[in-house]
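In our numbering, the protein residues as written are 579 to 950. The block underneath contains the structure these notes are about, expressed in structure tokens.
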Ligand SMILES: C[S@@+](CC[C@H](N)C(=O)[O-])C[C@H]1O[C@@H](n2cnc3c(N)ncnc32)[C@H](O)[C@@H]1O
């Protein structure tokens, strides 16, 4: 089997920061290549870390993304940035040179980061939060820090790819669990210089300086159920490629609480955050999705194609085909023209494999619908 594009060095920009349930690059590439001759304007209303957006950039197509998670937006914006590694590192050095006003003192932060590393991270956090003006360099810097914020320990500090003590890279474990885990195994946070870790990460991103047809403002922080956000997108988008949250997967922001802290959030997990799709019942979920499909259908383009990758989370019993079909039916304007099992086309490259080992992963489907 060919090596998944996710690990290809040419696509290191797409991998600037992992994201829970990101979909494989192969999927948007396949769809975009099919429609490339039509020069479509592309939209992903649940853009996550911006895989669709990145694939469109690579093919020279204009793409817009919407997501209600600030973390997703920060990462997806990087997919439309063009800058140089030198500019990003210079900005980081200027920020790190300033003394931070506040450094967290909770047991979690003390265990997660070496005191010197934490001070540098706090300087960067405050520097990025207090910026007068956003630039492509600050967008890449923010996404790169988010990508290095937590992950597995390296054998040596000189080769560290992450700033933290042992943690998963796709989501942040909860504070009490982490503290216990480090204590039981006597694990210590590495004494790493933030700038060195960033330089290593950025040096692998080969396409950072290549011009791009779009810009980071094309990623919108919003709930895709609201109709207003579509007023900020060209009204003739003609190709939608997306993957909504799977039914029951409603904790995107809480699972990313440490990245959320870096973006200005609290030092603990915030369970109050809303703006995600409703998962209280299957009907509420179908209705939530139908609102988004209805919003999209109002594009002024003569032809409108919708491609959706959708599955289920292994821990919650649901029928993804039923949920997706019902939501499209409820919106009243879509006709499904094909449904295929994603796992038969891209075994080992599915979204669900990010969550559990392949043997227990639930099935995923690729739907193609057209507006009628
Ligand atoms: C399955 S993920 C998308 C992953 C994406 N395909 C990628 O490759 O990174 C679903 C995304 O939908 C977002 N989301 C959930 N409810 C939303 C809403 N009401 N409006 C916009 N985005 C929403 C989540 O924050 C999450 O990033």
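Glycine included, C-beta positions come from ideal geometry on N, C-alpha and C.
Helix, strand or coil for residue i per DSSP?
| i | result |
| --- | --- |
| residue 741 | coil |
| residue 889 | strand |
| residue 928 | Residue confidence for residue 928 is low, a pLDDT of 44 falling below 50, so the modelled location carries little weight and cannot support an answer. |
| residue 697 | helix |
| residue 913 | strand |
| residue 632 | helix |
| residue 845 | coil |
| residue 609 | helix |
| residue 714 | helix |
| residue 837 | helix |
| residue 755 | helix |
| residue 775 | helix |
| residue 814 | coil |
| residue 789 | coil |
| residue 884 | strand |
| residue 949 | strand |
| residue 825 | strand |
| residue 879 | coil |
| residue 809 | helix |
| residue 766 | coil |
| residue 869 | helix |
| residue 761 | helix |
| residue 720 | helix |
| residue 597 | coil |
| residue 585 | helix |
| residue 553 | Since the first and last residues shown for the chain are 579 and 950, residue 553 lies out of range. |
| residue 859 | coil |
| residue 747 | coil |
| residue 659 | coil |
| residue 648 | helix |
| residue 803 | coil |
| residue 614 | helix |
| residue 626 | coil |
| residue 654 | helix |
| residue 703 | helix |
| residue 906 | helix |
Going by the DSSP bridge assignment, what does residue i pair with across the sheet?
| i | result |
| --- | --- |
| residue 642 | 621 |
| residue 732 | Answer by DSSP bridge pairing: none, since residue 732 is not bridged. |
| residue 918 | 944 |
| residue 797 | 643 |
| residue 819 | 885 |
Can you confirm whether the segment 857–870 touches the segment 901–912 when touching is taken to mean that 3 or more C-beta pairs between the two stretches lie within less than 8 angstroms?
yes
Quick check: the segment 612–622 against the segment 765–774, are there 3 or more CB pairs under 8 angstroms?
no
Pick out the complete alpha helix (DSSP H) segments inside the segment 664–688, 4 residues or longer, and give them in chain order.
none
Within the chosen definition, does the segment 678–688 reach the segment 647–661 through at least 3 CB pairs nearer than 8 angstroms?
no
Would the segment 658–677 and the segment 704–722 be scored as touching if the rule is three or more Cβ pairs under 8 angstroms?
yes
Using 8 angstroms as the cut-off, can you tell me whether the segment 812–832 makes contact with the segment 644–652, which would need three or more C-beta pairs spanning the two stretches below that distance?
yes
Kindly confirm or deny that the segment 579–589 and the segment 756–763 touch, where touching means at least three C-beta pairs closer than 8 angstroms.
no
Give a yes or no on contact between the segment 599–613 and the segment 629–641, applying the rule of three or more CB pairs nearer than 8 angstroms.
yes
Would you check if there are 3 or more beta carbon pairs closer than 8 angstroms linking the segment 778–789 to the segment 879–896?
no
Give a yes or no on contact between the segment 790–805 and the segment 722–739, applying the rule of three or more CB pairs nearer than 8 angstroms.
no
How about the segment 809–816 and the segment 686–696: do they share at least three Cβ pairs that are nearer than 8 angstroms?
no
Take every Cβ of the segment 872–879, pair it with every Cβ of the segment 833–851, and state whether three or more of those distances are shorter than 8 angstroms.
no
For the segment 816–825 against the segment 888–895, do three or more pairs of beta-carbon atoms, one drawn from each stretch, fall closer than 8 angstroms, so that the two count as touching?
yes
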